[in-house]
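Each residue of the sequence shown is one higher than the one before, starting from 302 at the first, in this note's numbering.
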Amino acid sequence: MKIMVIAGSPTAESRTRGIAQFAAETLKQMNVEVLYFDVGIDKLPLFTGDATTAQNETVKKLAEYAEQADGFFVTSPEYHSGISGALKNALDFLGGKHFKNKPSAIAVAAGGGKGGMNALTNLRTVLRGVYSLVLPDQFIADPVNFDEGNVLVDELAQTRVRELTIQLKELTEVVSVNQAK
Ligand SMILES: Cc1cc2nc3c(=O)[nH]c(=O)nc-3n(C[C@H](O)[C@H](O)[C@H](O)COP(=O)(O)O)c2cc1C
Numbered sequence: 302m303k304i305m306v307i308a309g310s311p312t313a314e315s316r317t318r319g320i321a322q323f324a325a326e327t328l329k330q331m332n333v334e335v336l337y338f339d340v341g342i343d344k345l346p347l348f349t350g351d352a353t354t355a356q357n358e359t360v361k362k363l364a365e366y367a368e369q370a371d372g373f374f375v376t377s378p379e380y381h382s383g384i385s386g387a388l389k390n391a392l393d394f395l396g397g398k399h400f401k402n403k404p405s406a407i408a409v410a411a412g413g414g415k416g417g418m419n420a421l422t423n424l425r426t427v428l429r430g431v432y433s434l435v436l437p438d439q440f441i442a443d444p445v446n447f448d449e450g451n452v453l454v455d456e457l458a459q460t461r462v463r464e465l466t467i468q469l470k471e472l473t474e475v476v477s478v479n480q481a482k
């Protein structure tokens, strides 16, 4: 089974990346093959709809990973009550061809003070737009859940991400088995 983990923050020092890396490590420990894509490192051009961008090496990597993936773990920061522009730009290069009937787990890094829910709802809406099967469960990490290096260190937060990865693996197995029939 292959799960694509998408770190959806454009920043160099990123808490979102801390969630994505923890999810990736957890999935690897569960014998899942992880395809890791980080929009803050794998810099994509702006989506314009121009066919020539499909030849861009990073766009190719994004599309190849998404095509191979059986499921997705998608993370974003909450920026102004939505997902990051960088993640939305990445998702605009993809579509139903990549996501249809494939499960997704979603998690967001927020600023504390009860933020994060709007970005989760926004991400859920976008992933529904590409026909992904988004898990009902979801997770928000606050700044206090990370150390100074943006590693997700809080035990409860780690447990919540672990639970999401377990649910994602289970649903991906069920969907893959049924699609193979
Ligand atoms: C432009 C911008 C907008 C933000 N808007 C929100 C917001 O609407 N709600 C919230 O909870 N946090 C907001 N924050 C705080 C970020 O969600 C928080 O710092 C998060 O950890 C950033 O993740 P990152 O380090 O991966 O980019 C905002 C931060 C920035 C830079």
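Every residue gets a Cβ at the ideal spot worked out from N, C-alpha and C, and that includes glycine.
Who are the Cβ neighbours of Ala408 in its own chain at under 6 Å, not counting the five residues just before and after it?
Closer than 6 Å at the Cβ level, and outside the excluded window around Ala408, lie Ile320, Thr376 and Phe440.
Does the distance from the C-beta atom of Gly416 to that of Pro444 stay below 8 Å?
Not in contact: Gly416 and Pro444 (Cβ atoms no closer than 8 Å).
Where does Lys403 land, buried or exposed, given buried means 16+ other C-beta within 10 angstroms?
buried
Among all the DSSP beta bridges, which residues are the ones paired with Asp339?
Ala308
Gly412: beta carbon under 7 Å from a heavy atom of ligand 1?
Yes, the beta carbon of Gly412 sits closer than 7 Å to at least one heavy atom of ligand 1.
Assuming contact is defined by CB atoms lying nearer than 8 Å, are Glu379 and Ala420 in contact in what I supplied?
yes
In three-state DSSP terms, what is Gly319?
helix
With the cut-off set at 8 Å, would you say Asp438 and Asn446 are in Cβ contact?
no
What residues match up with Leu434 in a beta bridge as DSSP calls it?
The partner list for Leu434 (beta bridge, DSSP) reads Pro404.
Kindly confirm or deny that the region 391–403 and the region 323–332 touch, where touching means at least three C-beta pairs closer than 8 Å.
no
List the endpoints of the continuous alpha helix (DSSP H) containing Ile467.
Glu456 to Ala481
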